[in-house]
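Heads up: the structure comes next, in structure tokens.
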Amino acid sequence: MRPTGLAWPPALLLLLTLGLASMPAWLHLPLPAGGLMLDRAALVVDDGPVEAVTLPDTVRTPAPGRSVVRYELAFALPAAPDRPQTLYVPAVRHQLSVTVNGRAVQMPPDSPWLQPSLGATALLRVPPDFLHAGQNHMVLTLLRNDASIPFYLSPVYLESGAGLGRSPWLTLAMAGQGRIAAFVLHLVVLLGLLTLWSARRHDPLFRWLALIGSTTLLASVLDLAHVLDGLDALAPAQHVLMCAFGLMALGVALAVAEKPVPGWLVPAICVLPLLLLGLGLLLAPRPLLVTGISAMIAIGGHVVASVLLAANFIRTRRWDQGLLAVPFFLVAWIGLGDLLVVTGLREAPFLLTNYVRPLTLLTIVVVLMRRLANSLNSLDLANDVLRHKLDEQERQLSALHDRERRRAAEAVREDERQRLTRDLHDGLSGHLVSIIALSERGADAPTIERSARAALDDLRLVINSLDIGEEDLPLALAGFRERLEPQLRRLGVGLDWSMEKLPGIGGVTPGNALSVLRIMQEAVTNALKHGPASHIRIEGGAGSDGAAVIAVVNDGAADEPARPGHGLGNMHRRARSIGGYASFERLEGGALLRLTLPQRLLDA
489 MRPTGLAWPP
499 ALLLLLTLGL
509 ASMPAWLHLP
519 LPAGGLMLDR
529 AALVVDDGPV
539 EAVTLPDTVR
549 TPAPGRSVVR
559 YELAFALPAA
569 PDRPQTLYVP
579 AVRHQLSVTV
589 NGRAVQMPPD
599 SPWLQPSLGA
609 TALLRVPPDF
619 LHAGQNHMVL
629 TLLRNDASIP
639 FYLSPVYLES
649 GAGLGRSPWL
659 TLAMAGQGRI
669 AAFVLHLVVL
679 LGLLTLWSAR
689 RHDPLFRWLA
699 LIGSTTLLAS
709 VLDLAHVLDG
719 LDALAPAQHV
729 LMCAFGLMAL
739 GVALAVAEKP
749 VPGWLVPAIC
759 VLPLLLLGLG
769 LLLAPRPLLV
779 TGISAMIAIG
789 GHVVASVLLA
799 ANFIRTRRWD
809 QGLLAVPFFL
819 VAWIGLGDLL
829 VVTGLREAPF
839 LLTNYVRPLT
849 LLTIVVVLMR
859 RLANSLNSLD
869 LANDVLRHKL
879 DEQERQLSAL
889 HDRERRRAAE
899 AVREDERQRL
909 TRDLHDGLSG
919 HLVSIIALSE
929 RGADAPTIER
939 SARAALDDLR
949 LVINSLDIGE
959 EDLPLALAGF
969 RERLEPQLRR
979 LGVGLDWSME
989 KLPGIGGVTP
999 GNALSVLRIM
1009 QEAVTNALKH
1019 GPASHIRIEG
1029 GAGSDGAAVI
1039 AVVNDGAADE
1049 PARPGHGLGN
1059 MHRRARSIGG
1069 YASFERLEGG
1079 ALLRLTLPQR
1089 LLDA
């Protein structure tokens, strides 16, 4: 069951809508506490007959074009005032001018922000010398250029100025700050809407909001046409734009409700005002008919839009839809009231539809800010989720990396153990077996010593190869030379060593470096054993293809060619295992072993 607490937002919006819709009925301008109230006058319409009327009074003249009405008021003063008096007109429709006892009262300067045809408030200063004791005569003249809006005049008050006090509502009604603020709001909101639409053209909501904002600004400019020279003829176009507002309100509602927009709506927004404008030119004697048609379309569009948004809000609880339904309904409600005033079916001092227009823009701003806040909240939530996922992935990757690092280290240690086992088996174990065999056969001490030294040399090769890195082969060869020289010196064998021309060799590991050293050790051993050599030369250089070549040359010359043995075969096998090859040849008075190595060694 849905919680009952969720039922209050529609009720709250309903109360807000009713409160705003009823404001014209209970919000009034202040009235003076003292002074004279003049509510009886003689009315003259376009120099016609005189008619006695009681204020407030509404005058409708069906004739188009310029029209003038005069209200003549008579009042008596017991004595001439000694200070200026205040003439207060709470509500008057159309342009006002006043004379007191035949003398014109100074009127405030015309302002494009004040539209007297929609209703205005006048607060005039009457000099004390304009008035005298006894009977006085005042004439209020109203001039109208728009034949579709009737005249209106409220009761008139004459007092010393202290009775009104300070009223912010009165100041706002007279100064026109509200219209100035509304116009500035139009510009700011329109600039923001156009910016959003240019960045999000795929979003139909911003397209409709930019369209309604542009049309609203155009209507505001047309509101000023009555006071701008050369633009008076554009004033009637304001009335035919009303129908476009109703259709655009429907488009905005459909976009906010995420419903498809009918294909005829956009063409109707463009074509319908032009049709009504043409109809108005044909029906120039009856302009109220065109205004009424445009107003009814506007009212109907706003009603449908507000109902659609309100129904969607009740179903989805989306605040932007419910909030936007309020100004749409208010435009329809107050527009209907103004239409009744214009047609003479209702009396009211002010036409308020234009004052509701900024409320729609303010609501649009609120909706956009809410959408922005929702987008930022969604972005923050997505960032938080993504951050948590990244942290979790980072923890998993870190754990996986640690496991992989341990596994790789274990694999390296295992490979090293196997290599050491193999190297010790291939070298040291063979020498030890040979020493044992020599001891069991009763070999002499020098023979056993030579085998023991060979075993020790091989062990040193294995140990020294453990710390060899990627490009440390020259260092390993230098270590080999340091161990070889003392041994040959004890045997009386000379050594020439030259590795300056040996090119760089990559891919060096302890295993393949040990293979190179063992090949060289085997070559030296064979030279001493089969020569016997008295001089050995070891030098490095580059081959024709850029490969590294190490040559071991000795001057030993055996009486008979040496039979193939395990030593030469081991050298060939080790050379192939690291990507190189070994060759042996007899020389005149000696022998040559050539070890050719690739630019990058294979891992033995």
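Going by our numbering, the first residue of the sequence shown is number 489, and it counts up by one from there. C-beta atoms are modelled at their ideal positions from N, C-alpha and C, and glycine is treated no differently. As the structure is a prediction and not an experimental result, all values here were calculated from the model.
{"Asked": "Complete runs of the alpha helix (DSSP H) confined to the region 747-830 [at least 4 residues]", "Found": "753-770, 775-804, 807-830"}
{"Asked": "Same chain, Cβ closer than 6 angstroms to residue 1049, five either side skipped, listed in chain order", "Found": "Confidence at residue 1049 is low in this model, with a pLDDT of 45, below 50, so the placement of that residue is unreliable and no value is reported for it."}
{"Asked": "Beta-carbon spacing of residue 1090, residue 1071 below 8 angstroms", "Found": "no"}
{"Asked": "Three-state secondary structure assigned by DSSP to residue 1048", "Found": "Any reading at residue 1048 is ruled out, since the residue's pLDDT is 46, under 50, leaving its predicted position unreliable."}
{"Asked": "Complete runs of the alpha helix (DSSP H) confined to the region 596-648 [at least 4 residues]", "Found": "none"}
{"Asked": "Per-residue burial, residue 862 [other beta carbons within 10 Å of its own, 16 or more giving buried]", "Found": "exposed"}
{"Asked": "Contact between the region 809-818 and the region 845-857 (3+ Cβ pairs under 8 angstroms)", "Found": "yes"}
{"Asked": "Beta carbon of residue 630 nearer than 8 angstroms to that of residue 593", "Found": "no"}
{"Asked": "Simplified DSSP state of residue 591, which is helix, strand or coil", "Found": "strand"}
{"Asked": "For residue 583, the residue or residues it bridges with in DSSP", "Found": "631"}
{"Asked": "DSSP-derived helix/strand/coil call for residue 567", "Found": "coil"}
{"Asked": "Where residue 790 falls, given that 16 or more other Cβ within 10 Å makes a residue buried", "Found": "buried"}
{"Asked": "Separation of residue 1015 from residue 1051, as counted between CA atoms", "Found": "Interpretation of residue 1051 is limited by its pLDDT of 49, a score under 50 that renders its predicted location unreliable; the figure taken from the coordinates is listed afterwards. So the two alpha carbons sit approximately 14 angstroms from each other."}
{"Asked": "Endpoints, alpha helix (DSSP H) assigned at residue 1003", "Found": "998-1018"}
{"Asked": "Residues sharing a beta bridge with residue 685, DSSP", "Found": "Partner(s): none; residue 685 has no beta bridge."}
{"Asked": "Whole-angstrom distance between residue 706 and residue 596, CA atom to CA atom", "Found": "27 angstroms"}
{"Asked": "Residues near residue 567 by beta carbon distance below 8 angstroms, same chain, minus five either side", "Found": "621"}
{"Asked": "Beta-bridge partners of residue 545, as assigned by DSSP", "Found": "641"}
{"Asked": "Close Cβ partners of residue 745 (< 7 angstroms) along its chain, the five nearest in sequence each way excluded", "Found": "796, 797, 800, 809"}
{"Asked": "Contacts around residue 764, its chain only, beta-carbon distance under 6 angstroms, and the 5 residues preceding and following it disregarded", "Found": "728, 778, 782"}
{"Asked": "Environment of residue 1018 [buried if 16+ CB atoms lie within 10 Å]", "Found": "buried"}
{"Asked": "Within-8 angstroms CB hit, residue 1077 to chain D", "Found": "Structure shown: chain D not included; a single protein chain is present."}
{"Asked": "Between the CA atoms of residue 1033 and residue 1094 - distance to the nearest angstrom", "Found": "Absent from the structure is residue 1094, since the part of the chain shown begins at 489 and ends at 1092."}
{"Asked": "Selected residue, minimal CA-CA separation from residue 1081, among 1061, 1037, 645, 1067", "Found": "1037"}
{"Asked": "Residues that DSSP places opposite residue 1103 in a beta bridge", "Found": "Absent from the structure is residue 1103, since the part of the chain shown begins at 489 and ends at 1092."}
{"Asked": "For residue 540, three-class secondary structure by DSSP", "Found": "strand"}
{"Asked": "Residue 836 beta carbon less than 8 angstroms from that of residue 829", "Found": "yes"}
{"Asked": "Buried or exposed by the 16-neighbour rule on C-beta atoms within 10 Å, applied to residue 770", "Found": "exposed"}
{"Asked": "Beta bridge counterpart(s) of residue 994 as assigned by DSSP", "Found": "1088"}
{"Asked": "Cβ distance (whole Å) where residue 509 is taken to contact residue 699 below 8 angstroms", "Found": "Not a contact, Cβ separation roughly 26 angstroms."}
{"Asked": "Cβ shell of residue 858 (< 6 angstroms), same chain only, five flanking positions each side left out", "Found": "808"}
{"Asked": "Selection from 616, 1003, 603 that minimises the alpha carbon distance to residue 570", "Found": "616"}
{"Asked": "Beta-carbon spacing of residue 996, residue 961 below 8 angstroms", "Found": "yes"}
{"Asked": "Coarse secondary structure for residue 1073, derived from DSSP in three states", "Found": "strand"}
{"Asked": "Under 8 angstroms between C-beta atoms of residue 684 and residue 701", "Found": "no"}
{"Asked": "Start-to-end residues for the beta strand (DSSP E) that takes in residue 983", "Found": "982-986"}
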